[in-house]
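Here is the structure we will look at, set down as structure tokens.
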Amino acid sequence: MNTSLILIIITTALVNNVVLSQFLGICSFLGVSKQIKTSLSLGVAVIFVITLSSGVASLLYDFLLVPLHLEYLETIVFILVIAALVQIVEMFLKKTSPAIYNALGIYLPLITTNCAVLGVALTNVQDGYNFIQSVTAGFGTAIGYTISIVLLAGIRERIDEASVPLPFRGAPVVLLSAALMSIAFMGFAGLSL
1 MNTSLILIII TTALVNNVVL SQFLGICSFL GVSKQIKTSL SLGVAVIFVI TLSSGVASLL
61 YDFLLVPLHL EYLETIVFIL VIAALVQIVE MFLKKTSPAI YNALGIYLPL ITTNCAVLGV
121 ALTNVQDGYN FIQSVTAGFG TAIGYTISIV LLAGIRERID EASVPLPFRG APVVLLSAAL
181 MSIAFMGFAG LSL
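So the sequence shown is numbered by the working numbering: it starts at 1 and just counts up by one.
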């Protein structure tokens with residue numbers, strides 16, 4: 001694998017983590033992260049959607065929007081691509097794993113409007129990435145999202161078993177945990193070149 005592609009993965013997954021550094025995708029990050037299994041399932045769905053949407057968005061931008069001088073339509077086109085991919089994931093999960101489909105609930109269709117998914121496609125265009133770089137950045141970003149949500153789910157499962165002071169129970173301890181995770185991920189900033 002090319003060194004620059006490895007750097008893109010490390011940068012997007014850890015250094016510029018979409019949730020903990022860029023603060024995109026927070027609603028599903030906080031809403032679904034109650035159990036590791038559910039969080040991992042959503043993470044896999046997000047990996048699929050972000051990776052594919054990054055590639056498709058790159059191709060559409062480079063071979064349709066730019067040649068026709070329709071760059072101003074990029075946001076609308078990218079949202080349509082993302083919505084179509086989410087529908088495919090939703091239908092697949094509904095048929096193959098109804099338990100996971102039900103556990104994800106409203107958060108699965110909300111991947112369509114998850115700002116992290118759209119943010120990756122727009123960032124790839126802004127950074128001038130080609131197709132391979134876009135797919136790599138999408139994959140790295142989705143891995144970073146999955147790492148974040150699974151880590152928070154693990155912390156929340158431990159918190160549920162702990163004796164937490166009354167004022168910190170519920171949302172306060174979750175938000176405090178997420179903030180501490182964000183601070184911890186700032187340590188990866190030294191990895192960027």
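Ideal Cβ placement from N, Cα and C applies to all residues, glycine included.
Computed from a predicted structure; not experimentally measured.
- If you draw a straight line from the Cα of V150 to the Cα of D62, it comes to about 34 angstroms.
- Counting only runs of 3+ residues, no beta strand (DSSP E) is found wholly inside the stretch 79-150.
- Here DSSP, grouped into helix, strand and coil, assigns S4 to helix.
- From the listed residues S58, A142 and Q22, the smallest Cα separation to I183 is found for Q22.
- Its chain contains S177 as the residues whose beta carbon lies nearer than 7 angstroms to that of I155, once the 5 sequence neighbours on both sides are disregarded; these appear in chain order.
- L7 and L122 have their C-alpha atoms roughly 19 angstroms apart.
- Counting along the chain, no alpha helix (DSSP H) covers M186, and no H or E run does either.
- Nearest to I50 by alpha-carbon distance, out of P167, F139 and L166, is F139.
- The beta carbon of L85 sits closer than 6 angstroms to the beta carbons of V49, L52 and S53 from its chain, once the five residues preceding and following it are set aside; these are given in chain order.
- Taking all protein chains shown into account, L175 has fewer than 16 neighbouring C-beta atoms within 10 Å of its C-beta and is therefore exposed.
- Distance between E161 and F29, taken at the CA atoms: about 20 angstroms.
- With 16 or more other CB atoms across the displayed protein chains lying within 10 angstroms of its CB, V56 is buried.
- In the structure shown, K37 falls within a helical segment according to DSSP collapsed to helix, strand and coil.
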